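K.L.:
Before I ask anything, here is the structure I am working with.
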Amino acid sequence: MEMMISIFLSFIIVMVLYFFVLAYGQGVANSVVMEKSSKLMESFLISVRPAAIVLGKLLAITMTGIVQMMSWIIALVISFAVGTMTVRSMDPDSDMFILKLFDMVGELTSGLFTPANCIMALLIVMAGMLLYCALAAIGGAMASKAEDLSSANLIFTLVLIASFLASLYGNEAFGGSGSELLDWIPFTSVMVAPAKILVGSFPLWKSVCCLGIILITTLIASLAAGKIYQSLALYRGDVLSPKKLIGMLRR
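Shown next as structure tokens:
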């Protein structure tokens with residue numbers, strides 16, 4: 001039964017996180033690249049450090065996505081709870097299917113969703129959103145105009161799709177065999193770890209280590225986005241190849 005719950009949670013978390021990251025990651029990239037076409041760009045560079053501009057956009061848009069996700073979850077929980085209490089206060093003997101379903105889910109998940117596990121899973125989801133948005137910021141920093149964003153943001157797109165597919169087909173919850181490896185790769189860990197943490201199959205030390213790896217990777221990606229934006233703030237041309245970009249960053 002625990003495996004069935006893990007499968008359901010894994011699928012829900014992977015799908016929700018994928019679409020949220022896709023939407024807000026593109027938002028971060030668009031915001032970063034649109035700043036370069038602004039007529040006030042020269043004034044910004046004089047008064048604000050370029051790296052601070054991109055990091056501010058990254059944090060602001062990512063936090064917007066996190067707040068929206070949490071708002072939906074809280075609203076969903078409250079609406080179901082209020083609706084259930086209202087129906088039972090009016091008809092305590094009601095045999096509505098949805099009420100029986102809630103009772104069954106409550107019995108199956110009894111003792112699984114501890115406060116500590118919920119907090120740790122939430123932290124990993126939040127860190128994962130920040131990680132992928134930082135990757136999107138790198139693409140936005142590399143593009144000199146909006147038309148180049150699709151090619152510049154290829155890293156973000158490929159990593160997101162590859163992680164999504166790996167989480168679905170490599171996760172043991174779906175019959176895959178690469179689950180242990182996916183737990184330690186930051187880009188896939190954010191999709192497969194929360195469900196395992198919620199059902200209690202992840203020890204605390206492993207949860208903390210996974211969160212630490214995700215945060216370190218996020219920090220590296222954020223610093224790289226700031227450095228690239230600072231180096232290419234006034235660049236107007238085609239998207240640089242990785243070799244040329246690395247050479248420019250070394251100067």
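In UniProt numbering, the protein residues as written are 1 to 251.
We put the CB at the ideal spot given by N, CA and C, even for glycine.
All figures in this text were calculated on a predicted structure; none of them were measured in a lab.
Beta-carbon within less than 8 angstroms of Phe-164's beta-carbon, same chain only, minus the 5 sequence neighbours each way: which residues are those?
P.N.:
As a working mapping, residue 164 is identified with position 164 in the sequence shown. Cβ neighbours of Phe-164 within its own chain (closer than 8 angstroms, five residues either side excluded): Val-14, Tyr-18, Met-191.
K.L.:
By a C-beta neighbour count over all protein chains shown, 10 Å radius and 16 as the cutoff for buried, is Gly-175 buried or exposed?
P.N.:
Position 175 of the sequence shown holds residue 175. Here the model assigns Gly-175 a pLDDT of 49, short of 50, so the residue's position is not dependable and the matter cannot be decided.
K.L.:
Relative to the alpha-carbon of Gln-68, which residue among Phe-102, Val-21, Thr-84, Ser-89 has its alpha-carbon at the smallest distance?
P.N.:
By one-based count along the sequence shown, residue 68 stands at place 68. Comparing Cα-Cα distances from Gln-68 to each of Phe-102, Val-21, Thr-84, Ser-89, the minimum goes to Val-21.
K.L.:
I'd like the list of long-range same chain contacts for Cys-133, defined as Cβ closer than 7 angstroms, with 5 residues on each side in sequence excluded.
P.N.:
Along the sequence shown, read from residue 1 onward, the residue named residue 133 stands at position 133. Same-chain partners within the cutoff: Tyr-24, Gly-25, Val-28, Leu-58, Ile-61, Thr-62.
K.L.:
Just mark Ile-185 as buried or exposed, buried being the case when its beta carbon has 16 or more other beta carbons within 10 Å.
P.N.:
Counted from its first residue, the sequence shown places residue 185 at position 185. The Cβ neighbour count for Ile-185, taken over all protein chains shown within 10 Å, is at least 16; the residue is labelled buried.
K.L.:
Below 8 angstroms on the Cβ atoms is my contact criterion, and I expect Ala-141 with Ile-220 to pass it. Report the Cβ-Cβ distance as a whole number of Å.
P.N.:
Residue mapping note: residue 141 aligns to position 141 of the sequence shown, counting from 1. Residue mapping note: residue 220 aligns to position 220 of the sequence shown, counting from 1. In fact, because the Cβ distance is near 14 angstroms, the residues do not count as touching under 8 angstroms.
K.L.:
Would a check of beta-carbon distances place Val-67 closer than 9 angstroms to chain D?
P.N.:
No chain D is part of this structure, which consists of one protein chain only.
K.L.:
Specify, as a first and last residue, the run of the alpha helix (DSSP H) that Asn-117 falls within.
P.N.:
What you label residue 117 is simply residue 117 of the sequence shown in a count that begins at 1. Taken as a continuous stretch (DSSP letters only), the alpha helix (DSSP H) holding Asn-117 covers 115-142.
K.L.:
Tell me which same chain residues have a C-beta within less than 7 angstroms of the C-beta of Met-34, skipping the five on either side of it?
P.N.:
Along the sequence shown, read from residue 1 onward, the residue named residue 34 stands at position 34. Contacts found: Ala-146.
K.L.:
Just tell me which of Leu-168, Ile-138, Ser-144, Gly-170 has its CA closest to the CA of Thr-157.
P.N.:
What you label residue 157 is simply residue 157 of the sequence shown in a count that begins at 1. Ranking Leu-168, Ile-138, Ser-144, Gly-170 by Cα distance to Thr-157 puts Ile-138 first.
K.L.:
Indicate the three-state DSSP secondary structure (helix, strand or coil) for Lys-145 in the structure shown.
P.N.:
As a working note, residue 145 is residue 145 in the sequence shown. Three-state result, Lys-145: coil.
K.L.:
Can you look up Leu-232 in the DSSP assignment and give me helix, strand or coil?
P.N.:
Taking the first residue of the sequence shown as position 1, residue 232 is located at position 232. Three-state result, Leu-232: coil.
K.L.:
Look at the alpha carbon of Lys-243 and the alpha carbon of Pro-115, and state the distance between them as a whole number of angstroms.
P.N.:
Here the question's residue 243 lines up with position 243 in the sequence shown. Here the question's residue 115 lines up with position 115 in the sequence shown. Spanning the two alpha carbons is a distance of roughly 47 angstroms.
K.L.:
Of the residues Ala-143, Ile-197, Ile-124, which one's Cα is nearest the Cα of Ile-213?
P.N.:
In the sequence shown, the residue the question calls residue 213 occupies position 213. Answer by Cα proximity: Ile-124.
K.L.:
Can you find the residues in the same chain that come closer than 7 angstroms, C-beta to C-beta, to Thr-188, ignoring five residues on each side of it along the sequence?
P.N.:
Here residue 188 is taken as the residue at index 188 of the sequence shown, counted from 1. The residues are Ser-163, Ala-166, Ser-167, Leu-182.
K.L.:
DSSP three-state label for Gly-175, please.
P.N.:
Along the sequence shown, one-based indexing puts residue 175 at 175. Below a pLDDT of 50, predicted positions are generally treated as unreliable, and Gly-175, at 49, falls in that range; the measurement from the model is reported next regardless. Coil at Gly-175, not helix or strand.
K.L.:
Please report how far the alpha carbon of Ser-94 lies from the alpha carbon of Met-120, in whole angstroms.
P.N.:
Start at 1 with the first residue of the sequence shown, and residue 94 comes out as number 94. Start at 1 with the first residue of the sequence shown, and residue 120 comes out as number 120. When rounded, the distance between both Cα atoms is 36 angstroms.
K.L.:
Hey, quick one: how far does the alpha helix (DSSP H) through Pro-186 stretch, first residue to last?
P.N.:
Position 186 of the sequence shown, counted from the start, is the residue given in the question as residue 186. That run of the alpha helix (DSSP H) goes 186-198.
K.L.:
Here's a check: name, in chain order, each residue in its chain whose Cβ is nearer than 7 angstroms to the Cβ of Thr-218, leaving out the five neighbours to either side.
P.N.:
Counted from its first residue, the sequence shown places residue 218 at position 218. Taken in chain order, the residues that qualify are Ala-127, Leu-130, Leu-131, Ala-134.
K.L.:
Ile-7 to Phe-202, Cα distance in whole Å?
P.N.:
The residue given as residue 7 occupies position 7 in the sequence shown. The residue given as residue 202 occupies position 202 in the sequence shown. Approximately 15 angstroms between the Cα atoms of the pair.
K.L.:
With DSSP collapsed to three states, give me the class of Asp-183.
P.N.:
Sequence index remark: in the sequence shown, residue 183 carries index 183 (1-based). The answer is helix: DSSP assigns Asp-183 an H, G or I state.
K.L.:
Measuring CB to CB, does Ser-144 end up less than 9 angstroms from Leu-55?
P.N.:
As a first step, residue 144 must be located in the sequence shown, where it is residue number 144. As a first step, residue 55 must be located in the sequence shown, where it is residue number 55. No; because the gap between Cβ atoms is not below 9 angstroms, this pair is not in contact.
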